[in-house]
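> What follows is a single structure, and I will ask about it in a moment.
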Amino acid sequence: MRIGEAADAAGMTAKTIRFYEKRGLLPPAERTPNGYRRYGRETISRLEFIRRSQSAGLTLAQIEGILRIRDNGMTPCAHVRHTLAKQLLDLDQKIAELTALRATVAEQYATAKAADPRHCDAELICSYI
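For the sequence shown, counting from 1, position 45 maps to 45 in the numbering used here; every step adds exactly one.
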């Protein structure tokens, strides 16, 4: 299939496929005699894997590492398990940071909502923050 068909099948743009190919996430496409890229079903599977990986928050570098292991004939399962475990730890840390930030902003908002702006100390710029 040509690049537009592959893009439609994978739910992405031809520009994205070209970017992935240039980045090394996809092997170079076969070329027809007139120079058009030609992709097989295995490319669609790989593009779908990339999309699923991105939806889990993995970076292109992490995805590239997984694909490299697979391309070298090994199963990347242990590496994926490790990568996902680290992703979970990172997410838990971000959630904790956002929860703390939300508590701070909620406290400042409650103070601002209850205060009378006429009594704001101009030297503090704003006493709510």
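Here a beta-carbon is modelled for each residue, glycine too, at the ideal position from N, C-alpha and C.
Given the structure is predicted, the values throughout are model-derived calculations rather than measurements.
Return the CA-CA distance between Asp71 and Ala78, expressed in angstroms with no decimal places.
Taking the sequence shown and counting its residues from 1, one reaches residue 71 at position 71. Taking the sequence shown and counting its residues from 1, one reaches residue 78 at position 78. Their backbone Cα atoms lie some 15 Å apart in a straight line.
> Below 7 Å CB to CB, which residues in the same chain sit around Glu30 once its five sequence neighbours on both sides are set aside?
Working through the sequence shown from its first residue, we reach residue 30 at position 30. Correct list, in chain order: Arg38.
> Apply the 10 Å Cβ neighbour rule to Tyr20 and answer buried if 16 or more other Cβ atoms are within range, or exposed otherwise.
Numbered from its first residue, the sequence shown carries residue 20 at position 20. The residue is buried, with at least 16 neighbouring Cβ atoms inside 10 Å.
> Consult DSSP for Arg2 and reduce its assignment to one of helix, strand or coil.
Position 2 of the sequence shown, counted from the start, is the residue given in the question as residue 2. Arg2: coil per DSSP, three-state reduction.
> If contact is defined by three or more beta carbon pairs under 8 Å, each pair taking one atom from either stretch, is the region 60 to 69 in contact with the region 103 to 117?
no
> Going by the beta-carbon positions, is the gap between Gly57 and Gln93 smaller than 8 Å?
Translated into the one-based positions of the sequence shown, residue 57 becomes position 57. Translated into the one-based positions of the sequence shown, residue 93 becomes position 93. The answer is no: Cβ separation not under 8 Å.
> Is it the case that the Cβ atoms of Ala85 and Ile44 are separated by a distance below 8 Å?
Taking the sequence shown and counting its residues from 1, one reaches residue 85 at position 85. Taking the sequence shown and counting its residues from 1, one reaches residue 44 at position 44. Taking 8 Å as the Cβ cut-off, Ala85 and Ile44 do not qualify as a contacting pair.
> Tell me which same chain residues have a C-beta within less than 6 Å of the C-beta of Asp90, skipping the five on either side of it?
One-based indexing of the sequence shown puts residue 90 at position 90. Nothing listed; no residue qualifies.
> Is it true that the CB of Thr13 sits closer than 8 Å to the CB of Ala7?
Working through the sequence shown from its first residue, we reach residue 7 at position 7. Working through the sequence shown from its first residue, we reach residue 13 at position 13. Contact: yes.
> Which stretch, first to last residue, makes up the alpha helix (DSSP H) that contains Thr104?
Here residue 104 refers to the residue found at position 104 of the sequence shown. Segment Cys77 to Ala114, the alpha helix (DSSP H) holding Thr104.
> Tell me, which residues are paired with Arg37 by DSSP?
Start at 1 with the first residue of the sequence shown, and residue 37 comes out as number 37. In DSSP, Arg37 forms a bridge with Arg31.
> Go ahead and pull the three-state DSSP assignment for Tyr20.
Translated into positions along the sequence shown, residue 20 becomes position 20. In this structure, Tyr20 counts as helix in the three-state DSSP scheme.
> For Thr111 and Arg23, I'd like the C-alpha separation in whole angstroms.
By one-based count along the sequence shown, residue 111 stands at place 111. By one-based count along the sequence shown, residue 23 stands at place 23. Cα to Cα, the separation comes out at about 50 Å.
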